[in-house]
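Sequence order for the protein chains is A and B.
Residue numbering for the first sequence follows the numbering used here, beginning at 1 and increasing consecutively.
Residue numbering for the second sequence follows the numbering used here, beginning at 219 and increasing consecutively.
The C-beta atom is built at its ideal place from N, Cα and C for all residues, glycine as well.
Being a predicted model, the structure only gives us computed values, none of them experimental.
Structure first, then comments.
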Amino acid sequence: MPKVKMPRKSTLIDMTAMCDVAFLLLTFFMLATKFKPDEPVAVVTPSSINTQLLPDADVILLTVDKDGRVFFSMDGQPKRKQLIEDLNTNFKLGLEEKEIKSFMIGSSVGTDFKNLKQVLNLTADQRKNGNVEKGIPMDSTNNELAIWIEYARAAQGNNNKLKYCIKADNETPYPVIKRVLDTFKEKKIQKLNLVTNLESKPAGSAAALYEEQQQDKH
Amino acid sequence: MAEMDTSSSGGGKKKHGVTKSKKLSTRVDMTPMVDLGFLLITFFMLTTTMSKPKTMDLIMPKDTEKEEEQNKVKESTALTILLGKKDQVYYYAGLAQDPNASSNPDFFKATTFANTGGIRDIIIQKRDEVARLRNHKGEPEDVVVIIKADDGATYENFVDLLDEMAINRIQRYATVDISDQDKQWIKATETSNGIQ
Numbered sequence: 001m002p003k004v005k006m007p008r009k010s011t012l013i014d015m016t017a018m019c020d021v022a023f024l025l026l027t028f029f030m031l032a033t034k035f036k037p038d039e040p041v042a043v044v045t046p047s048s049i050n051t052q053l054l055p056d057a058d059v060i061l062l063t064v065d066k067d068g069r070v071f072f073s074m075d076g077q078p079k080r081k082q083l084i085e086d087l088n089t090n091f092k093l094g095l096e097e098k099e100i101k102s103f104m105i106g107s108s109v110g111t112d113f114k115n116l117k118q119v120l121n122l123t124a125d126q127r128k129n130g131n132v133e134k135g136i137p138m139d140s141t142n143n144e145l146a147i148w149i150e151y152a153r154a155a156q157g158n159n160n161k162l163k164y165c166i167k168a169d170n171e172t173p174y175p176v177i178k179r180v181l182d183t184f185k186e187k188k189i190q191k192l193n194l195v196t197n198l199e200s201k202p203a204g205s206a207a208a209l210y211e212e213q214q215q216d217k218h
Numbered sequence: 219m220a221e222m223d224t225s226s227s228g229g230g231k232k233k234h235g236v237t238k239s240k241k242l243s244t245r246v247d248m249t250p251m252v253d254l255g256f257l258l259i260t261f262f263m264l265t266t267t268m269s270k271p272k273t274m275d276l277i278m279p280k281d282t283e284k285e286e287e288q289n290k291v292k293e294s295t296a297l298t299i300l301l302g303k304k305d306q307v308y309y310y311a312g313l314a315q316d317p318n319a320s321s322n323p324d325f326f327k328a329t330t331f332a333n334t335g336g337i338r339d340i341i342i343q344k345r346d347e348v349a350r351l352r353n354h355k356g357e358p359e360d361v362v363v364i365i366k367a368d369d370g371a372t373y374e375n376f377v378d379l380l381d382e383m384a385i386n387r388i389q390r391y392a393t394v395d396i397s398d399q400d401k402q403w404i405k406a407t408e409t410s411n412g413i414q
């Protein structure tokens, strides 16, 4: 009997569909990713069980690094432009078009008004490595941080949704934080947000039990 | 569509003496392209989900000068927690308004942020103890935690303690300036515990 020859099937698979899916996902993730501008300071935030997200818009963010230097940043380029122009005219900072643009597109600044012009002329790398920014002064005699907060609030148009966030390093000494909190208090701002990382709720704690109860209800 | 047409591979064979030009397949091998695509997907997936910071609400009390606007805290429902250097936590029951309070050697105690046997257990113990008390309306009392941070404390300690309030669902707590008396007690305890 002659042997029945089985037709040999090719092992090649058509990958067009797979490729389509891969690139669709790739496009999605590329568009969804937002690269943050290069921060002049690195900060390791503490963790908490809070799950509330840090909003992307309507935020005034104060970054405090482990040496206690305070940096200011805010969202929205038009609002940043408004802020720096107001400061420029009212405090005679002598900033020119180039420095205003540098502030507008940059991230945080942490220097006193005197050196602001010089700092804004540097590149991001120089600012990161040169250690030129000594933090915004907030002594009771020369509280520039309060001025920043006041002008930023005005530039945000006294928005109700505006959030005041403090992002500080684990190692930041408490007296510095207290000065920042007191500055907010002087400005009659009571509701603040502290930026933290997420950690899980300890098993059996009141918060974990409460969450379970809430889930059972639904 | 799904398979390569293997039978056409011999397309260049001579048939009936006529030379047929070889038909090239238009299919491209997409394996490297898919590889690259998935590599990039992995990269973007990891970078996006990694850093999404969370926030914690902190509501500061208003400074009021007027006596009648201030909330009075009962000695029996209060727990004062002090933050010292080297991640040390000190605590005592009540507000220490009684100047003789420190005469009791068990009054001022030290602990840590450890998950068991640390400050969390102290808070839970005090909370349950206070919940058994009744106010003049016969309702259970709420514990009030007073947080005072010494100059040696770090931001991490402060956030950790606020987090303990959230973990144990303590509704009433306040951050208060540290008094000189508290500083003295911390200093004395540090010396006796050998903390530099």
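Candidates the options: closest to residue i by CA position
i	options	result
residue 177 (chain A)	B:369, B:379, B:397	B:369
residue 309 (chain B)	B:405, B:365, B:257	B:365
residue 116 (chain A)	A:30, A:9, A:85, A:64	A:85
residue 16 (chain A)	B:247, B:396, B:385	B:247
residue 52 (chain A)	B:384, B:409, B:257	B:384
residue 107 (chain A)	A:148, A:75, A:202, A:43	A:75
residue 137 (chain A)	A:149, A:111, A:26, A:122	A:111
residue 95 (chain A)	A:78, A:49, A:119, A:105	A:119
residue 392 (chain B)	B:291, B:264, B:363	B:363
residue 113 (chain A)	A:126, A:123, A:143, A:104	A:143
residue 415 (chain B)	B:292, B:404, B:299	There is no way to answer for residue 415 (chain B), as the model of chain B reaches only from 219 to 414.
residue 173 (chain A)	B:296, B:305, B:251	B:305
residue 162 (chain A)	A:55, A:128, A:139, A:89	A:55
Within 8 Å, strictly: CB atoms of residue i and residue j
i	j	result
residue 207 (chain B)	residue 390 (chain B)	Coverage of chain B is limited to positions 219 through 414, which leaves residue 207 (chain B) absent and any answer about it impossible.
residue 22 (chain A)	residue 255 (chain B)	yes
residue 275 (chain B)	residue 193 (chain A)	yes
residue 29 (chain A)	residue 262 (chain B)	yes
residue 341 (chain B)	residue 388 (chain B)	yes
residue 338 (chain B)	residue 382 (chain B)	yes
residue 301 (chain B)	residue 406 (chain B)	no
residue 344 (chain B)	residue 311 (chain B)	yes
residue 166 (chain A)	residue 62 (chain A)	yes
residue 293 (chain B)	residue 264 (chain B)	no
residue 205 (chain A)	residue 411 (chain B)	no
residue 49 (chain A)	residue 201 (chain A)	yes
residue 252 (chain B)	residue 18 (chain A)	yes
residue 121 (chain A)	residue 97 (chain A)	no
Between the CA atoms of residue j and residue i - distance to the nearest angstrom
i	j	result
residue 207 (chain A)	residue 358 (chain B)	20 Å
residue 160 (chain A)	residue 190 (chain A)	13 Å
residue 109 (chain A)	residue 73 (chain A)	7 Å
residue 43 (chain A)	residue 10 (chain A)	56 Å
residue 400 (chain B)	residue 41 (chain A)	35 Å
residue 352 (chain B)	residue 180 (chain A)	39 Å
residue 272 (chain B)	residue 77 (chain A)	23 Å
residue 279 (chain B)	residue 260 (chain B)	46 Å
residue 325 (chain B)	residue 67 (chain A)	35 Å
residue 57 (chain A)	residue 20 (chain A)	34 Å
residue 185 (chain A)	residue 303 (chain B)	25 Å
residue 102 (chain A)	residue 25 (chain A)	34 Å
residue 210 (chain A)	residue 333 (chain B)	19 Å
residue 232 (chain B)	residue 6 (chain A)	The pLDDT assigned to residue 232 (chain B) is 47, lower than 50, so where the model puts this residue is not dependable, and the model offers no usable value.
residue 223 (chain B)	residue 2 (chain A)	Confidence at residue 223 (chain B) is low in this model, with a pLDDT of 49, below 50, so its placement is unreliable and no value can be given for it.
residue 203 (chain A)	residue 212 (chain A)	11 Å
residue 291 (chain B)	residue 126 (chain A)	52 Å
residue 408 (chain B)	residue 296 (chain B)	24 Å
residue 250 (chain B)	residue 257 (chain B)	10 Å
residue 376 (chain B)	residue 187 (chain A)	22 Å
residue 244 (chain B)	residue 215 (chain A)	56 Å
residue 71 (chain A)	residue 128 (chain A)	13 Å
Whole-Å CB distance - residue i paired with residue j, under 8 Å assumed
i	j	result
residue 83 (chain A)	residue 151 (chain A)	6 Å
residue 45 (chain A)	residue 196 (chain A)	5 Å
residue 79 (chain A)	residue 156 (chain A)	6 Å
residue 60 (chain A)	residue 149 (chain A)	7 Å
residue 348 (chain B)	residue 329 (chain B)	Going by Cβ atoms, the distance from residue 348 (chain B) to residue 329 (chain B) rounds to 18 Å, so no, they are not a contact pair.
residue 169 (chain A)	residue 65 (chain A)	5 Å
residue 171 (chain A)	residue 69 (chain A)	In fact, because the Cβ distance is near 12 Å, the residues do not count as touching under 8 Å.
residue 47 (chain A)	residue 198 (chain A)	7 Å
Determine which residues of the stretch 41-59 of chain A have a Cβ less than 7 Å from any Cβ of chain B, and write them out in chain order. Cβ contacts with chain B: 45, 46, 48, 49, 50, 51, 52, 53, 54.
Mind listing which residues of the stretch 243-260 of chain B have their C-beta closer than 7 Å to chain A's C-betas, in chain order? For the stretch 243-260 of chain B, residues whose beta-carbon sits nearer than 7 Å to a beta-carbon of chain A comprise 248, 249, 251, 252, 255, 256, 258, 259.
Chain B contacts from the stretch 185-199 of chain A (Cβ-Cβ distance under 7 Å): Of all residues in the stretch 185-199 of chain A, only 185, 190, 191, 192, 193, 194, 195, 196, 197, 198 come within less than 7 Å of chain B when Cβ atoms are compared, listed by chain position.
At a CB distance below 7 Å, what residues from the stretch 137-171 of chain A approach chain B? Give them in sequence order. Answer set for the stretch 137-171 of chain A: 165, 168, 169, 170, 171.
Closer than 7 Å, Cβ to Cβ, to anything on chain B: give me those residues from the stretch 17-30 of chain A, in chain order. Result list: 18, 19, 22, 23, 25, 26, 29, 30.
In chain order, what residues of the stretch 104-138 of chain A put their CB closer than 8 Å to some CB of chain B? Listed by position, the residues of the stretch 104-138 of chain A near chain B (Cβ gap below 8 Å) amount to none.
What residues in the stretch 202-213 of chain A bring their beta carbon closer than 7 Å to a beta carbon of chain B? From the stretch 202-213 of chain A, only 202, 205, 206, 207, 210 have a Cβ closer than 7 Å to chain B.
Using a Cβ-Cβ cut-off of less than 9 Å, give me the residues of the stretch 83-102 of chain A that come near chain B, in sequence order. Within the stretch 83-102 of chain A, not one residue has a Cβ closer than 9 Å to any Cβ of chain B.
Residues within the stretch 362-374 of chain B neighbouring chain A, beta-carbon criterion of under 9 Å: For the stretch 362-374 of chain B, the set of positions with a beta-carbon nearer than 9 Å to some beta-carbon of chain A reads 367, 368, 369, 370, 371, 372, 373, 374 in chain order.
Under 7 Å, CB to CB, which of the residues in the stretch 381-399 of chain B have a partner in chain A? Cβ contacts with chain A come from 381, 384, 385, 386, 387.
To be precise: take each residue of the stretch 297-312 of chain B, compare its Cβ to all Cβ atoms of chain A, and keep it if any distance is under 9 Å. Which residues remain? Taking 9 Å as the upper bound on Cβ-Cβ separation, chain A lies near residues 301 of the stretch 297-312 of chain B.
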